[in-house]
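Quick note on our numbering: the sequence shown kicks off at 17 and runs consecutively.
Have a look at the structure below before the remarks.
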Amino acid sequence: MDTLSFNHTALTAPNRTVEVGGRRLAYRRFGHGPNLVLCVRFRGTMDSWDPLFLDLLARDFTVNVFDYSGLGLSTGKPSYVKTDMAQDVDDLVTALGLGKVAIAGWSIGGIAAQVFAALHPEKVSHVLAIGTMPPGLMVKPSAPLFLQTAFKPENGIEDQYILFFEPDSARSRAAGDASVARIASRSMVVDAITPPAVMIQSVIESADPTTPFPDPDGRYQAFYRSTDIPVLALSGDHDIMFPVENWYAMNDLWPTLFVVTWPDSGHGPQHQYPELSADLIASFVKNNPRPV
């Protein structure tokens with residue numbers, strides 16, 4: 017047993033690194049149980065996760081959070097190319113000897129998680145797609161307001177409501193205030209701050225002009241239409257970046273897909289409903305095992 021992981025929480029787990037592929041990947045590891053690897057959102061680092069959500073997951077999983085190459089405390093060239101992010105996951109899983117993992121991702125991290133599972137299905141027990149989209153063109157596009165806000169050099173609290181919650185809902189704004197406060201409570205162990213310009217430039221260099229999730233040959237769609245890996249899509253009912261309607265369109269096409277929608281919420285449903293989200297994820301993994 018990794019006693020260092022067992023004895024820590026989301027706020028106290030130390031920053032650790034592993035040298036792999038000519039770069040250093042930074043990660044934190046805590047909790048107990050099967051390994052769960054979480055891929056963070058655009059412009060996010062290990063500090064961007066709500067610590068309450070992570071601690072609730074750590075009751076049932078050994079939680080592994082990390083920084084993509086070149087971001088936060090990780091070295092190397094930053095890239096939001098989906099296969100590059102999936103390579104970060106594969107290198108981390110391999111270097112730490114995690115074996116088969118449940119792979120989760122939020123927003124662009126959910127895309128990385130899906131790509132990793134499709135490229136390395138033997139290493140994945142479950143896919144948990146949070147506030148993200150399936151491969152291929154979207155049946156409902158994102159709202160321009162989201163990207164206009166996401167690309168601001170700095171994001172204040174009103175921007176946080178737009179990006180991750182439901183700004184027209186008093187309940188959602190209150191949940192947003194609570195989540196932001198929990199994230200801001202981190203003081204003992206902190207990540208490095210990546211300059212906004214670095215993140216923005218890296219996503220511009222990584223962008224595909226046609227769709228946020230390029231699948232020109234249908235490779236990923238074909239995989240998820242035939243895989244036996246259980247997939248849980250967890251979305252807010254008003255996610256203006258990755259509308260949940262895109263998952264509904266896959267419901268009768270992917271045989272192992274479960275779609276759950278949290279009401280009165282946006283792009284960060286796991287931060288608005290941390291207890292419900294963590295409980296659902298744990299139950300999904302426990303009660304819906306991948307066939308042996």
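Every residue, glycine too, gets a C-beta built ideally from N, C-alpha and C.
Nearest neighbour of Leu-163, chosen from Arg-57, Val-205, Leu-52 and Met-257 [CA to CA]: Met-257
First through last residue of the beta strand (DSSP E) which encompasses Asn-51: For Asn-51, the uninterrupted beta strand (DSSP E) run begins and ends at 51-55, by DSSP.
Asp-71 versus Lys-116: straight-line alpha-carbon distance, rounded: Their backbone Cα atoms lie some 21 Å apart in a straight line.
Cutoff 8 Å; reference Ser-64; Cβ partners in own chain excluding five residues on either side: Val-56, Arg-57 and Ile-199
Residues sharing a beta bridge with Met-35, DSSP: Reading off the sequence shown, one finds Glu at residue 35, where the question assumed Met. Beta-bridge pairing links Glu-35 to Arg-40.
For Trp-122, three-class secondary structure by DSSP: Residue state, collapsed to three classes: strand.
Among Val-53, His-142 and Gly-284, nearest to Val-247 - alpha-carbon criterion: The shortest Cα separation from Val-247 among Val-53, His-142 and Gly-284 belongs to His-142.
Cβ neighbour criterion (16 or more within 10 Å) applied to Glu-182: The C-beta of Glu-182 has 16 or more other C-beta atoms within 10 Å across all chains shown, which makes the residue buried.
Whole-angstrom C-beta distance between Val-34 and Ala-118, which should lie under 8 Å: With 8 Å as the limit, Ala-118 and Val-34 do not qualify as a contact, their Cβ atoms being about 20 Å apart.
DSSP three-state assignment for Ser-251, whether helix, strand or coil: strand
Inter-residue Cα distance where the pair is Asp-193 and Asp-233: 42 Å
Other residues of its chain near Met-17: CB distance less than 6 Å, five sequence neighbours each side excluded: Interpretation of Met-17 is limited by its pLDDT of 49, a score under 50 that renders its predicted location unreliable; no figure is taken from the coordinates.
N-terminal and C-terminal residue of the beta strand (DSSP E) that Ala-145 is part of: 140-146
Own chain partners of Met-215 with C-beta closer than 6 Å, once the 5 adjacent residues on each side are dropped: Arg-59
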